[in-house]
Ligand SMILES: *Cc1c(COP(=O)(O)O)cnc(C)c1O
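Numbering (the numbering used here), first residue to last: 277 to 661.
Written out as structure tokens, the structure reads:
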């Protein structure tokens, strides 16, 4: 997938580093916008997937909104071209300072996750003499059929308002006099590849929407969150099938006149545009097993250690006979592996390896552990002449 020229320019850089294919990012944004416009869907990019400034500038240039989960993310996206009127603020633990900052930044909406949070936002809004828009993040108790560590919509997860509390809020919604409860929000998990899950989500959303029809709460927008998965096994499938994804909602959601539909994709926008390039430090052979030790570890890419996730790994500089390797990082942790029993061409010290599909939840999750410095990053337009 890489030209000789690009690989040789990789060889001149200090490793490990992130390489972003901004051409692919543009193509992906173009693809999602094209279908979203068709269905009149509103897209808020989930900033937590990648908050790199250059990436944010490209995404904001397509007119997308932003889904933020901290005050710093709100600050970062405003500085990089996003319109505050298109920012929503989610997260299960917003601090008073973050709430105040968000109100003063004139964001569009808070996605609220508990009765207590509604009360706090109501109080802070009152003290600032403001009225703020709020969406209720519902916990629909729905299994997303994905890794348990990225499942968020079950009653056992900390996220969202449980059904009984939702009823209490609706019965008494007028008491939040500084809040305008105008939206419903759902986000049931990440890296969802079983599309039947989205069908089920539509059903649940319809139930909530219908229930509210009889109440005097005016729901102006329904936010379906993010979660659309990418192909980690075959990253050649670069652009997710946004058409098929939106089609499910278009077919199954019962939308009332005046209601707007929002989505918050993160991974599906940036995931395939990033690659982690790393150098082989050592190849250990204990007789049973050959283990490649890389100069990148869980400090640069945490996903495998955190979720046992799998990334395609390719040796960019060897085309010898295939052999089987475990692939590990240099960090003093037993879980610091990127792959087990991976087939690679015979690999030796100094080879360059590419770890694919690291544009989302990669750079942004970097750790300082072992006093590791942050990895450099390069962009395709700088390296391809
Ligand atoms: C993480 C998150 C997203 C983005 O999820 P992806 O799987 O990356 O699309 C969207 N909304 C909320 C509330 C989230 O927490």
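Note that CB positions come from ideal geometry on N, CA and C, so glycine has one too.
Quiz item: Hey, would you say residue 606 sits closer than 8 Å to residue 569, going by beta carbons?
Solution: Within the chain shown, the letter at position 330 stands for residue 606. Within the chain shown, the letter at position 293 stands for residue 569. Annotated as proximal: residue 606 and residue 569, with beta-carbon spacing under 8 Å.
Quiz item: Counting along the chain, where does the alpha helix (DSSP H) carrying residue 554 start and finish?
Solution: For the purposes of this step, residue 554 is identified with residue 278 of the chain shown, where counting begins at 1. Bounds of any alpha helix (DSSP H) do not take in residue 554; it lies within the beta strand (DSSP E) bounded by 550 to 561.
Exercise. Take residue 643 and list the residues in its own chain whose beta-carbon comes closer than 8 Å to its own, dropping the five residues that flank it on each side.
Key: For the purposes of this step, residue 643 is taken as residue 367 along the chain shown, with counting starting at 1. Cβ neighbours of residue 643 beyond the five flanking positions: 574, 575 and 578.
Quiz item: According to DSSP, what are the bridge partners of residue 619?
Solution: Stepping through the chain shown from its first residue, residue 619 is reached at position 343. Answer by DSSP bridge pairing, in chain order: 600.
Quiz item: What does residue 537 pair with, by DSSP beta-bridge criteria?
Solution: Here the question's residue 537 lines up with position 261 in the chain shown. The partner list for residue 537 (beta bridge, DSSP) reads 498.
Practice problem: Measure how close the beta-carbons of residue 481 and residue 498 come, nearest whole angstrom, since I'm counting them as under 8 Å. | Solution: The residue given as residue 481 occupies position 205 in the chain shown. The residue given as residue 498 occupies position 222 in the chain shown. Their Cβ separation, rounded to whole angstroms, is 6 Å, which keeps residue 481 and residue 498 in contact under 8 Å.
Exercise. Run through the stretch 406 to 459 for me and flag every whole alpha helix (DSSP H) of 4 or more residues, listed as ranges in chain order.
Key: Correct list: 439 to 447.
Exercise. In angstroms with no decimal places, state the Cα-to-Cα distance between residue 344 and residue 539.
Key: For the purposes of this step, residue 344 is taken as residue 68 along the chain shown, with counting starting at 1. For the purposes of this step, residue 539 is taken as residue 263 along the chain shown, with counting starting at 1. Spanning the alpha carbons of residue 344 and residue 539 requires a straight line of approximately 13 Å.
Quiz item: How would you call residue 522, buried or exposed, if buried means at least 16 neighbouring beta carbons within 10 angstroms?
Solution: By one-based count along the chain shown, residue 522 stands at place 246. A residue is called buried when at least 16 other Cβ atoms come within 10 angstroms of its Cβ; residue 522 meets this threshold and is buried.
Quiz item: Do you know whose CA, among 390, 389 and 375, lies nearest residue 383's CA?
Solution: Counting from one through the chain shown, the residue named residue 383 turns up at place 107. Checking every option, the nearest Cα to that of residue 383 belongs to 375.
Quiz prompt | Outcome for residue 554 when other beta-carbon atoms lying within 10 angstroms are tallied against a minimum of 16 | solution = The sequence position of residue 554 within the chain shown is 278, counting from 1. Residue 554 comes out buried.
Quiz prompt | Length of the line joining the Cα atoms of residue 278 and residue 291 | solution = Numbered from 1 along the chain shown, position 2 holds the residue referred to as residue 278. Numbered from 1 along the chain shown, position 15 holds the residue referred to as residue 291. The alpha-carbon atoms of residue 278 and residue 291 are separated by roughly 17 Å.
Quiz item: In angstroms, rounded to a whole number, what distance separates the CA positions of residue 387 and residue 612?
Solution: Here residue 387 is taken as the residue at index 111 of the chain shown, counted from 1. Here residue 612 is taken as the residue at index 336 of the chain shown, counted from 1. Cα atoms of residue 387 and residue 612: separation of roughly 35 Å, rounded to the nearest angstrom.
Quiz prompt | Alpha-carbon to alpha-carbon, residue 454 and residue 491 | solution = Walking along the chain shown from the start, residue 491 turns up at place 215. Walking along the chain shown from the start, residue 454 turns up at place 178. The straight-line gap from Cα to Cα measures roughly 19 Å.
Quiz prompt | Nearest-angstrom Cα separation, counted from residue 399 out to residue 520 | solution = As a first step, residue 520 must be located in the chain shown, where it is residue number 244. As a first step, residue 399 must be located in the chain shown, where it is residue number 123. Taking the straight line joining both Cα atoms gives about 42 Å.
Quiz item: Would you say the beta carbon of residue 463 comes nearer than 7 Å to a heavy atom of ligand 1?
Solution: If you number the chain shown from 1, residue 463 lands on position 187. Flag set: Cβ of residue 463 near ligand 1.
Quiz item: Whose C-alpha, out of 440, 544 and 529, is nearest the C-alpha of residue 417?
Solution: Here the question's residue 417 lines up with position 141 in the chain shown. Closest in C-alpha terms to residue 417, from the list 440, 544 and 529, comes 440.
Practice problem: Could you tell me which of 623, 596, 548 and 564 sits nearest to residue 557, measuring between CA atoms? | Solution: The residue labelled residue 557 in the question sits at position 281 within the chain shown. It is 623.
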